[in-house]
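Visitor: Before I ask anything, let me first share the structure, which is written out below as C-alpha cells.
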Amino acid sequence: MRFLRFFPLLLLPIACSNPKATRTQEPALASDTAAAEPLDTARAAKVTAQSDTLKVVRRRHPFSSPSVPDLFMLALRGPNLLSGEATFTITDAGGQVIFREVLTAADLEAALVYEMKGNTASQAEREAFVRRRMDEFFADKNFHRPALTAKDTYPGGSLDRTTWDDLQRRPDAIGFDYLVGKEDRRRIAWSPLKKQVIKLHSSGG
350 MRFLRFFPLL LLPIACSNPK ATRTQEPALA SDTAAAEPLD TARAAKVTAQ SDTLKVVRRR
410 HPFSSPSVPD LFMLALRGPN LLSGEATFTI TDAGGQVIFR EVLTAADLEA ALVYEMKGNT
470 ASQAEREAFV RRRMDEFFAD KNFHRPALTA KDTYPGGSLD RTTWDDLQRR PDAIGFDYLV
530 GKEDRRRIAW SPLKKQVIKL HSSGG
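Each residue of the sequence shown is one higher than the last, beginning at 350 in the numbering used here.
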C-alpha cells in the first residue's frame, strides 16, 4: 500500500522529462514567426516614382465628348528637366485613359533653336524653355473645333477614308495640336466611329 501511495509521484518527473512534452511548444513559436507581415515593396516603389516627378501640367477640356471635359495631363519625370521623359495622357470623365504618348525632354526642348540669339544656350535657359513649353502645351490655340474642316485634304496613310469622312462631317468634333521636336506638328481627335483617339496628320517631322 505504501508503494502504491508513492507511485503517482514517480510518474511526475518522468512526464516532465518526456521529449514529446517539450515539443508541444514548437508550433506556437512557428505560428508567431509566420504572423509577421512581409515588406511592402510596392509602397516603397510608389514613393520613389513620385520623387522622380519634376513637373506636371493639367488641363480639362472637351474632347471625347463635346459637353463633358476630359483631363489632359503632361508629366515630366526623370533625374532632371533636360534628360527626363514626359508622359502625355488624356483621361475621359469616367477615368479611362484614352490616349498615351511618351515624349523625351529633347522633344520639348528642340524648338529652342528658333529663339536662340547665339549658337548655344545656358542650362538655365534650356530648363526655362522646357518649363514654358509644358505650360503652353494645352493652350487654347491648340484646340480646334471642328477637328476637320471641308478644306482639309485626306492624307492617306494608316487612317482609313471612312473614318476621316465621318469625322469631317461632325462640326462638334474637337482636334488637338501639339508640337514634337522642332517641326513635327501633330493633330489628334476622338473618333466616335472607332471609339478611340486617332491621329489625323503629322507635318514637318
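Cβ atoms here follow ideal geometry from the backbone N, Cα and C, with glycine treated the same way.
Distance, Cα to Cα, V529 vs L457?
Guide: Within the sequence shown, numbered from 1, the residue matching residue 529 stands at position 180. Within the sequence shown, numbered from 1, the residue matching residue 457 stands at position 108. Rounded to whole angstroms, V529 to L457 spans 7 Å at the Cα level.
Visitor: Might you give, ordered along the chain, the residues of its own chain that have their beta carbon closer than 8 Å to the beta carbon of E434, omitting 5 neighbours on each side?
Guide: On the sequence shown, position 85 is the one that residue 434 refers to. Excluding residues within five positions, the ones whose Cβ falls inside 8 Å are L425, R426, G427, V451, L452, T453, A454.
Visitor: Going by C-alpha to C-alpha distance, which of A473, Q472, D484, G524 sits closest to H410?
Guide: Start at 1 with the first residue of the sequence shown, and residue 410 comes out as number 61. The residue with the shortest Cα to Cα distance from H410 is G524.
Visitor: Considering only the beta carbon of each residue, do T438 and V446 sit closer than 8 Å?
Guide: By one-based count along the sequence shown, residue 438 stands at place 89. By one-based count along the sequence shown, residue 446 stands at place 97. Yes, these two residues count as a Cβ contact at 8 Å.
Visitor: Is the beta carbon of R535 closer than 8 Å to that of Y527?
Guide: The sequence position of residue 527 within the sequence shown is 178, counting from 1. The sequence position of residue 535 within the sequence shown is 186, counting from 1. Against a cut-off of 8 Å, the Cβ pair of R535 and Y527 comes out as a contact.
Visitor: Just the Cα atoms here: how many angstroms apart are E474 and D489?
Guide: For the purposes of this step, residue 474 is taken as residue 125 along the sequence shown, with counting starting at 1. For the purposes of this step, residue 489 is taken as residue 140 along the sequence shown, with counting starting at 1. Each residue's alpha carbon lies about 25 Å from the other.
Visitor: Is it buried or exposed for K500, if we count other Cβ within 10 angstroms and need 16 for buried?
Guide: Position 151 of the sequence shown holds residue 500. Its Cβ having fewer than 16 others within 10 Å, K500 is exposed.
Visitor: Within 10 angstroms of the Cβ of R449, are there 16 or more other Cβ atoms? Answer buried if so, exposed if not.
Guide: For the purposes of this step, residue 449 is taken as residue 100 along the sequence shown, with counting starting at 1. Exposed: under 16 other Cβ atoms inside 10 Å.
Visitor: Could you check which residue in S416, P541, Q472, H550 has the C-alpha nearest to that of S432?
Guide: The residue you call residue 432 lines up with position 83 of the sequence shown. Residue Q472 is the option with its Cα nearest to S432.
Visitor: For my contact list, L423 and L403 are in at a C-beta cut-off of 8 Å; report their separation, rounded to the angstrom.
Guide: In the sequence shown, residue 423 corresponds to position 74, counting from 1. In the sequence shown, residue 403 corresponds to position 54, counting from 1. At roughly 11 Å, the Cβ-Cβ gap does not stay under 8 Å, so L423 and L403 are not in contact.
Visitor: From which residue to which residue does the beta strand (DSSP E) around V546 run?
Guide: What you label residue 546 is simply residue 197 of the sequence shown in a count that begins at 1. Element bounds for V546: 545-552.
Visitor: DSSP puts S540 in a beta bridge; with which residues?
Guide: Here the question's residue 540 lines up with position 191 in the sequence shown. Q545, per the DSSP bridge assignment.
Visitor: If you reduce the DSSP assignment to three classes, tell me which class W404 lands in.
Guide: Residue mapping note: residue 404 aligns to position 55 of the sequence shown, counting from 1. The residue you asked about is not Trp; residue 404 is Lys in the sequence shown. Looking at K404 - three-state DSSP - the assignment turns out to be strand.
Visitor: Mapping the DSSP letters down to three states, classify R518 as helix, strand or coil.
Guide: Start at 1 with the first residue of the sequence shown, and residue 518 comes out as number 169. Of the three classes helix, strand and coil, the one that applies to R518 here is coil, per DSSP.
Visitor: V462 and K544: beta carbons closer than 8 Å?
Guide: Stepping through the sequence shown from its first residue, residue 462 is reached at position 113. Stepping through the sequence shown from its first residue, residue 544 is reached at position 195. Contact: no.
Visitor: Per DSSP, what are the beta-bridge partners of P418 in this structure?
Guide: As a working note, residue 418 is residue 69 in the sequence shown. Partner(s): P411.
Visitor: With a CB to CB cut of under 8 Å and the five nearest residues on each side skipped, what residues in its chain are close to M483?
Guide: By 1-based counting over the sequence shown, the position of residue 483 is 134. Here the set comprises K404, V406, L423, L425, A435, L457.
Visitor: Would you call S507 buried or exposed, if buried means 16 or more other Cβ atoms sit within 10 Å of its Cβ?
Guide: Position 158 of the sequence shown, counted from the first residue, corresponds to residue 507. S507 should be labelled exposed.
Visitor: Among all the DSSP beta bridges, which residues are the ones paired with I523?
Guide: Translated into positions along the sequence shown, residue 523 becomes position 174. DSSP output for I523 lists no bridge partner at all.
Visitor: Cβ atoms of R494 and D574: under 8 Å apart, would you say?
Guide: Given that the chain is displayed from residue 350 to residue 554, the structure contains no residue 574 and the question cannot be resolved.
Visitor: Would you give the residue range spanned by the alpha helix (DSSP H) that R449 belongs to?
Guide: Locating residue 449 in the sequence shown gives position 100, where the first residue counts as 1. Element bounds for R449: not the alpha helix (DSSP H) but the beta strand (DSSP E), 446-453.
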